[in-house]
Every structure is written in structure tokens, then in C-alpha cells.
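Numbers -18 to -1, 1 to 618, taken from mature numbering (1 follows the signal peptide of the UniProt record, and there is no 0), label the letters of the sequence shown in order.
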Amino acid sequence: MTHLVLVLVLVAAVRTGACPVMCTCSRHLAVRCTQQVPAEIFTNLTNLQELVIENSDLGDLSNVSVADLELQSMRLSQNRIVSLPELNVTNLRHLDLSGNLIETLGVEFRTLRSLEILNLSANFLTVIDSDSFSGLESLKCLDLSRNNLTRLDDALFEPLQALQYLNLSSNQLTILNERCFISLVKLQQLDVSFNRLVRVELGSLQLPSLARLLLAGNSRLGASKQPMLVGTGQRLQTVDASNIGLEQVPPALTHSIRTLRLVGNSIKTVRCGDLDSYPLLQLLDFDSNGLEVIEDDALGRLDSLTILYLTNNNMSEIPKSLSEKLKVLHLEHNQIQQVRTRDLQGLTSLEVLLLNDNKIRLIEAEAFNQLTSLVTLDISRNPIKILEAGCLSGSMALQVLRLSNIDVDSPPKEVSFPLSSTEHLITLDLSGSPGLARQLLVDTAALAASRQLQELDLSFTDLEFIRSDLLHFLPQLRIFHIDGNRINCTQLEWLAAWMRRQDEPEYKRVTCVSPPELWGTLLIDLQPVEATPNRPTTTQTPTTQMEDYIDIESFLRENKSEIFPITNSTRGEMSMFSAGAQERLHPGLVLAAAMLGTALVLVLLGVRFAKRRRDALRLRQEDLEVSSLPGVTELW
């Protein structure tokens, strides 16, 4: 009967231009609309457990009374509520009033003794009376963020003995006095970030259960003469002091801190001893400080440090004496000019190393040899000219390697890829690096070892030809970036068929540049060409009769274009980048072909005095064997 009344009220609302109900379940009522919902919806909520009204126009609810013994959750966000209804819901646990137009609070919450979560964020609160939260003895989570609060009454939070989470971020607070949080003995997280704090009085943050303290975005706080980190409890583990105007590492009055974020300050130098009050530190973030110097051994005493962010600074070299437990090292966007062998000594636990966007010109041959646990390496966008063969080797577990936009000068005789151990690679990014792409594609050993590779980026590498055995070497390949190249689509129907199976949106942008008849065609749209019925195959026997002496060299030269791909006679390498080049056979297959030719010569010389018919049948059988060799008809 109760729900029938609610439905009838909402049907009447629809007839007057209001919003329809979206869900009327046995214990749940949800209304989401953009027009006005009548206040009568609150008059009879018997047996209802959850009420959701969002994105409507409820306006003034001061004359509305909500009374129900079963209601446990009420979400009234984004409803342009100006004043709150009288709430007599003793079992209510979750109340969301975010995104409304509430400016003041009275004693509307005094009967909500079971309430655990109260969200008042994104309203227009300026001052909250000291008795507004009286009666909320079970409240655990209070969100007052994104309001206009300028001060906090000393007795405001006294009733909240069970409070664990308090969010005061994005207000207009200027001072935290000693008594405003003194009653919050169970508070675990305090967020006062992005206010206008100029002073944090000594003792205001001496909370015994506090584990996370967020001070970020108070740009004038760093000019305070008092220490910024004043928590004395032994449970404080995370401190975010980003963008508060610090010029040096702030001291800590507790040694329990595990995470320290100092992003966006003006700390130019880290001196020995600056971090001595953080002996248990595991994560340290100096991102965007303009940091220039880290003195020797300034970080060496942080024996537990596992994650270090030094991104976007002005460092010219890799810091020394790093923790042996370090797993993640961010050095991107600095001024580092070289990576020497001694720079990374002892970092056997390092898993992630990011050196991209520096000014690195030299990487010594054994610089990465001790990084036996390295999983991710990025040295993209550096002015490196030479990467010797194997100079990136060291880790046998490397899975992600990014070498994009590196303009290396490939020596004419050097075709080996800089990473010799590619067995575990999953992602390889060579975009914008034509020289490295060339080294990879001619290094058959590196390709053959990359059987786990799933993503290969060769975009913008001056690629024109794609070797036809690529998928044979990379059976796990799922994403192949080749956009931004001048692709010759001759005999690439196999690649088009593979692209169609992957169904990646990027493949629909790759177009053919040559031959002329395929110019502008989407590579993914290429279809297999039907064989011409009268075209001779590589297994056909020459129609001329066998003479006593057969010129094998002439025979191979005449049929070379059908049996074997064309090779470059000057270098004997596969060409994939020069304009107008054809696919060329790998040197290993050339040697196999030469051995095969020698075997044919010996066989034919041994039977040249036999009968003509018998000789012709034997030649036909040998030709069939040639056509079935792997790497000839299958790979090419």
C-alpha cells in the first residue's frame, strides 16, 4: 500500500511536468531527473531502506519532516536544496547532501545517532555552529570539502568521538588552532589540502590515531616559522606537503612516516641529514621542485626506501648511495647527460627505471649490468647517437622497453639490437627511431628470441617494407603500430588478414603508399589475390628435355625470382627502409640456399649418364623437395 501511494504521487508529478520514477523496488526508491519533485514524496516512507533523489529541484525542505524507522540510506545530491528537512530517522547510516545550496546548518542531525557517513561537500557552508553535529556519536566519515568555511569552532567536533575520516579540503581556512581537533582521538585521515593556511599551531595535529595527513595546496604555509610536520603519534605514515612553498625538507617530529610527498615546492638542494628524521621512509616524492643537487649519501641512510620520484627537476646526474631495496626510480624530465657504470651499482632490486626526456648522449657499455631485476626501462627522447650491441643488457626479466624518438647512427656493419636478452619482452616501443627499428628487423636472433612480445611500436620509423616472416618470429603479437610510415603493400595480404583479426582502431588509419595502384588504400582492406590458372609454380619441371650435361647455375639463375626472394648482392641483407627496395633473404637462408644448390649439383652430376626419362622424373622429385623447405615457401 505504501509503495502504491508513492507511485501515485510520482505519476501525478509526471502529469504536472515533473520527473518519472526510475526504480521502485520493494525496499528501494530511486528518482533521477532534472525537474521538480514534489515534497510529498517524503511523507510516507514506511519500510523503505534506501531513498535516492538526484539531479532534481527540491529547494526549501524546512517544512518537511522525514520520519521512518527502516530507512538506512538517503542520497539527495545535486537537488538545489537550500534548507534541510527535519530528520527523525533513527536507523539512518548514510546521508549524502553533496552538491546542493546549503549555507547554514542547524540541529537537523541531532536524532541521527546511527549515522556513520555524512557528505556535505560542494555546498555553500561558511560557518558551522558548534552544536550542529551534536548527537552524531556513531559518525565515522565526515566530508565538508568544497565549501566556504573560514574558521572552525573549538567545540565543533567534540561530539564526534568515533570519527575516523575528516575531509576539509578546498575551503577558506587560514589557521588550525590547538583545540579544534583535540577530541578526535580515533581520527585516522585528516585532509586540509587546498585551503589558505598560513599557520598550523603546535599541538593542533597531535592526534594519537592519525595515519594520513594531507596539507597540499596551501601555498603560504611553507613560509611559517613553525615545523610543518608536527604529528607526534606513532601511527602517522603518510604526509602530503606538496605545493606549500617549502624551500627545504621539513623536519618530522615522529619517526613513523613511510610516505612523504613534497611535489611542487622550491627545494633546490637535499643535504646530508635533511632526511634523518624519516628512517622508515618507503616512498619519497620530489617531483617538480627545480631540484639541482642531492648531496652524496643524502639518501643513503634511507634503508627502507623502495620508490623515489625525482621527475621534472634540474638534476645533471643520477644521485649516489641509493637504497639497495629501491624498486622504482623516476628520473624523467631532468638534465642528465650520461649513464655511467657506477651510477646504478648495487641496485639489484630495481624493477622500474625511467630516464626518458633527459639530455643523455652516452650510455656506457655495462651501465645496466647490475640491474638484474629490471622489468621496465624507458630512455626515450634523449640525444643518444650510439647504442652499442648489448649495451642495454643486464636484466633477464625485462618486459617493457621504450626507446622512442632516439636518432642513433647505425654503423654500416652493426646490425645487432642493443638488447640481446629479449626473451621476456612484452612491450617494445621504437616509435620515431628508424635506426633502432632497422637494427631490430635485421637482427634475426633478437626477433627469434622475442616470442613473448605482444606490443611492437614501429610508427614513424621510415618503414617501407615489412618482412613476411615477422609473425613467424612473433607468435604472441597483438598490437603492431606502423602508422606514420610509407608502406609498400606488395604482398601484405597476410598482414591485412592479421589486422582484421585484432580489430584495433589504429589499423584503420594505416594506408598504402606504393605500388601506385594501391596508393591510399587502407592496408587492413587488402584481400588475397587469386592465383592465375596458367601461371607456372615453383614445383614445375622445365619443359625442355634433360641433356647429358645440365648447367645448374643457369637453371637456378633463371628460376631464382620464383623460388627465392630477391636479395641485395652488395650486402646480402634484408632491405625494409630504402625506397623501391624488395624483400631480401636473411644471410642464414642465403647460406642454406647455397648449400642446397651444391647438393643439387652433386646429385645431378652423379646421374647425368642415366636414362633421360629417369633423370627427368628425379629432377621433378628434387624440385618438390626444394619447394617444401621451411623458410622458402612458408616463410617467404
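Ideal Cβ placement from N, Cα and C applies to all residues, glycine included.
Since the model is a prediction, treat every value here as computed from it, not as a measurement.
- Query: Which value, in whole angstroms, describes the spacing of the CA atoms of Ala478 and Asp339?
  - Reply: 35 Å
- Query: Just the Cα atoms here: how many angstroms apart are Glu437 and Pro457?
  - Reply: 11 Å
- So what does DSSP say about residue 619, is it helix, strand or coil? For the chain, the structure presents residues -18 to 618; residue 619 sits outside this window and is missing.
- Would you identify the three-state DSSP class for Asp256, choosing helix, strand or coil? coil
- Measure the Cβ-Cβ separation of Leu172 and Leu155 and say whether it is below 8 Å. no
- Query: Using a Cβ-Cβ cut-off of 8 Å (strictly less than) and excluding sequence neighbours within five positions of Ile84, which residues of its own chain qualify?
  - Reply: Ile63, Val64, Ser65, Leu66, Leu102, Asn105, Phe106, Leu107
- For the alpha helix (DSSP H) that Phe462 lies in, which residues bound it at each end? Segment 461 to 463 is the beta strand (DSSP E) holding Phe462; no alpha helix (DSSP H) there.
- Task: Consult DSSP for Ile345 and reduce its assignment to one of helix, strand or coil.
- Result: strand
- When every heavy atom of the ligand SAH is checked, does at least one fall within less than 7 Å of the C-beta of Cys162? As far as ligands go, the structure on display features none, and thus does not contain the ligand SAH.
- Can you tell me which of the three DSSP states Thr493 falls into? strand
- Item | C-alpha distance - Asp39 paired with Asn82, whole-angstrom precision | 10 Å
- Query: Hey, quick one: how far does the alpha helix (DSSP H) through Met56 stretch, first residue to last?
  - Reply: Element bounds for Met56: not the alpha helix (DSSP H) but the beta strand (DSSP E), 55 to 57.
- Under three-state DSSP, which class holds Asp125? strand
- Query: Can you give the beta carbon distance from Leu94 to Leu124, rounded, assuming they're within the 8 Å contact cut?
  - Reply: With 8 Å as the limit, Leu94 and Leu124 do not qualify as a contact, their Cβ atoms being about 12 Å apart.
- Task: Provide the residue span of the beta strand (DSSP E) that contains Ala49, from first to last.
- Result: 47 to 49
- Message: In this structure, how does DSSP classify residue 619 when only helix, strand and coil are distinguished?
- Response: The question about residue 619 has no answer, for the chain in this structure spans -18 to 618.
- Query: Leaving out five residues before and five after Glu346 in sequence, what residues of the same chain have Cβ atoms less than 6 Å from its Cβ?
  - Reply: Arg322, Thr323
- Message: So Thr404 and Ala428 are supposed to be a Cβ contact under 8 Å. How far apart are they, rounded?
- Response: 5 Å
- Query: Can you pull the DSSP bridge partners for Leu100?
  - Reply: Leu77, Leu124
- Message: Taking only three categories from DSSP, how would you classify Ala234?
- Response: strand
- Query: Is Leu401 near Ser441, with beta carbons less than 8 Å apart?
  - Reply: no
- May I ask which residues mark the beginning and end of the alpha helix (DSSP H) holding His312? Segment 310 to 312 is the beta strand (DSSP E) holding His312; no alpha helix (DSSP H) there.
- Of the residues Glu183, Leu142, Leu145, Ser151, the one placed nearest Arg161, counting alpha carbons only: Glu183
- Message: Judging by CA-CA distance, which residue of Arg194, Ala198, Ile164 is the nearest neighbour of residue 619?
- Response: With the chain covering -18 to 618 only, the question about residue 619 has no answer from this structure.
- In the DSSP assignment, what are the bridge partners of Ser65? Asp42
- Task: With distances taken Cα to Cα, identify the nearest neighbour of Ala144 among Ser127, Leu121, Val357, Pro261.
- Result: Leu121
- Item | Val109, DSSP secondary structure in three states | coil
- Message: Could you tell me the alpha carbon to alpha carbon distance between Lys307 and Asn351, rounded to whole angstroms?
- Response: 17 Å
- By Cβ distance below 6 Å, which residues in the same chain neighbour Val382 in space, the five residues on each side in sequence not counted? Thr358, Thr409
- Runs of beta strand (DSSP E) lying entirely within the stretch 256 to 284, each at least 3 residues, in chain order: 265 to 267
- Message: Going by DSSP in three states, Glu437 sits in which element: helix, strand or coil?
- Response: strand
- Cα separation between Lys341 and Arg483? 41 Å
- Item | Cβ-Cβ distance between Cys114 and Phe91 below 8 Å | Per the sequence shown, residue 114 should be read as Ser rather than Cys. Closer than 8 Å, so yes.
- Using the Cα positions of Gln527 and Gly417, report the straight-line distance between them to the nearest angstrom. The predicted model places Gln527 with a pLDDT of 37, which falls under 50 and marks its position as unreliable, so this point remains unresolved.
- Range of the contiguous beta strand (DSSP E) that encloses Val221: 220 to 222
- Item | Simplified DSSP assignment, three categories, for Ile469 | strand
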